[in-house]
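*Asks:* Numbering (this note's numbering), first residue to last: 4 to 100.
All residues carry an ideal CB built from backbone N, CA and C; glycine is no exception.
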Amino acid sequence: MNETSHTPGPWEWSGRTHPAEIGIINPARDHMLVIALLTSGNVENQSADARLIAAAPDLLEALEAYVGWAERVELRAETVYIKACAAILKAKGAVRP
Numbered sequence: 004m005n006e007t008s009h010t011p012g013p014w015e016w017s018g019r020t021h022p023a024e025i026g027i028i029n030p031a032r033d034h035m036l037v038i039a040l041l042t043s044g045n046v047e048n049q050s051a052d053a054r055l056i057a058a059a060p061d062l063l064e065a066l067e068a069y070v071g072w073a074e075r076v077e078l079r080a081e082t083v084y085i086k087a088c089a090a091i092l093k094a095k096g097a098v099r100p
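1) Considering only the alpha carbon of each residue, which of Tyr69, Ala94 and Lys93 lies closest to Tyr84?
2) For Val70, decide whether its Cβ has a neighbour in chain D, counting only Cβ atoms nearer than 9 angstroms.
3) So, using beta-carbon positions, are Glu64 and Ala73 closer together than 9 angstroms?
4) Is it buried or exposed, Ala1, if we count other Cβ atoms within 10 angstroms and call 16 or more buried?
5) Leaving out the 5 sequence neighbours to the left and right, which residues in its chain are closer than 6 angstroms to Asn45 when beta-carbon positions are compared?
6) So, with DSSP's three-state summary, where would you put Gly71?
7) So for Glu64, helix, strand or coil by DSSP?
8) How far does the alpha helix (DSSP H) with Lys93 in it reach, from first residue to last?
9) Would you call the CB atoms of Ala57 and Ala94 closer than 9 angstroms?
Next comes the structure, spelled out in structure tokens:
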């Protein structure tokens, strides 16, 4: 799969200054850069959305690892492989959402 230029993780849902604030943690400088602020919906939905977005880099990495494994064991025709490839392409901007 093609490389992408997204902001590297770790991403963290802080919930500290705003219930739906998502940021990039820079351990060397001990600060957070806010990358998303969810403002629509109720607090429970915002929190759930924030956790999902914060997990995005880890989910992408897991999908890429699965696709690599599936290719090695010849599972390219499996539905889950096809869906994983489509999700990776969507995440990397190769397919319109």
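*Replies:* Looking at the atomic coordinates:
1) Tyr69
2) The displayed structure is made up of one protein chain only, and chain D is not part of it.
3) no
4) As shown, the chain starts at 4 and ends at 100. That puts residue 1 outside it, with no answer to give.
5) none
6) helix
7) helix
8) Thr82 to Ala94
9) no
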